[in-house]
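Residue numbers (my numbering): 140 to 357.
Don't be surprised by glycine CBs; every beta carbon is placed ideally from N, CA and C.
Since the structure comes first, as structure tokens, the remarks are kept for the end.
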């Protein structure tokens with residue numbers, strides 16, 4: 140019996156830990172269903188911090204601010220993220236992740252990668268950017284990190300540099316963000332399977348397996 144083709148649209152931000160954790164769970168679920176489903180993944184730009192200035196903000200200050208100045212909650216959230224990341228084999232190193240960044244330029248490159256090189260190349264770039272941020276603590280929108288990720292994904296560096304040094308893709312990212320809001324997506328991660336099955340948050344491996352099976356059996 141042939142594997143069932145599934146389309147999975149992922150709405151995420153590069154600096155969103157639950158996006159990375161959820162993606163790790165999705166990958167494990169797809170591995171469990173290997174031979175049963177054949178998934179093609181598409182990534183959609185969502186900025187958690189569109190007003191974040193260049194250079195970003197200290198992670199501790201950011202968490203303190205968004206978690207209502209609650210130190211104990213801030214520590215609990217970090218511990219929960221690290222625990223869930225370990226369960227799905229996703230390395231998040233908070234000894235290195237010191238800042239939260241604006242991710243607009245990275246999203247411009249991700250849209251370019253998907254449009255010109257296809258979903259597999261876009262996923263490779265997304266994975267490289269996740270790794271640079273969560274494993275190395277790098278600024279995912281610095282030109283050096285972006286170009287390194289482009290090389291890792293096997294994409295054209297000259298084309299990528301032309302985008303980084305211009306406003307190409309600016310309107311596309313903003314339009315994508317507006318469209319997602321109009322669809323009712325106001326937080327990430329969000330997962331859409333075959334354009335009908337909507338899921339929100341960092342699901343477990345088991346929840347993804349169930350959702351993928353449900354979509355495959357429609």
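Per DSSP, residue 190 is not a residue of any alpha helix (DSSP H), being assigned neither H nor E. Fewer than three beta-carbon pairs drawn from the region 298–314 and the region 157–170 are found closer than 8 Å, and the two stretches are therefore not classed as touching.
According to DSSP, residue pairing for residue 151 in a beta bridge involves 184.
Looking only at 164, 157, 179 and 183, the smallest Cα-Cα distance to residue 150 is reached by 183. Membership of residue 329 in the beta strand (DSSP E) is indicated by the continuous run 329–332. Pairing residue 146 with residue 203 gives a Cβ-Cβ distance that is not under 8 Å. Short of 6 Å from the beta carbon of residue 178, and not among the five residues preceding or following it, lie these beta carbons of its own chain, in chain order: 145, 147 and 169.
With respect to residue 280, residue 252 sits apart: the two C-beta atoms are not nearer than 8 Å. Runs of alpha helix (DSSP H) with 4 or more residues, each lying fully within the region 304–357, are found at 309–321 and 344–355, listed in chain order. Spanning the alpha carbons of residue 346 and residue 352 requires a straight line of approximately 10 Å. Residue pairing for residue 270: DSSP places it in no beta bridge. With the rule of 3 Cβ pairs closer than 8 Å, the region 234–244 counts as touching the region 262–276. Residue pairing by DSSP places residue 177 opposite 144 in a beta bridge. Fewer than three beta-carbon pairs drawn from the region 299–306 and the region 185–196 are found closer than 8 Å, and the two stretches are therefore not classed as touching.
8 Å or more divides the Cβ of residue 215 from the Cβ of residue 260. With 16 or more other CB atoms across the displayed protein chains lying within 10 angstroms of its CB, residue 262 is buried. Here DSSP, grouped into helix, strand and coil, assigns residue 197 to strand. About 4 Å separates the CB atoms of residue 240 and residue 195; that is less than 8 Å, so the two are in contact. Considering only 220, 143, 197 and 213, the residue with the shortest C-alpha distance to residue 164 is 220.
In this structure, residue 288 places its C-beta atom within 8 Å of the C-beta atom of residue 268. The three-state secondary structure of residue 235, taken from DSSP, is coil. With a cutoff of 8 Å on beta-carbon distance, residue 355 and residue 175 are scored as near each other.
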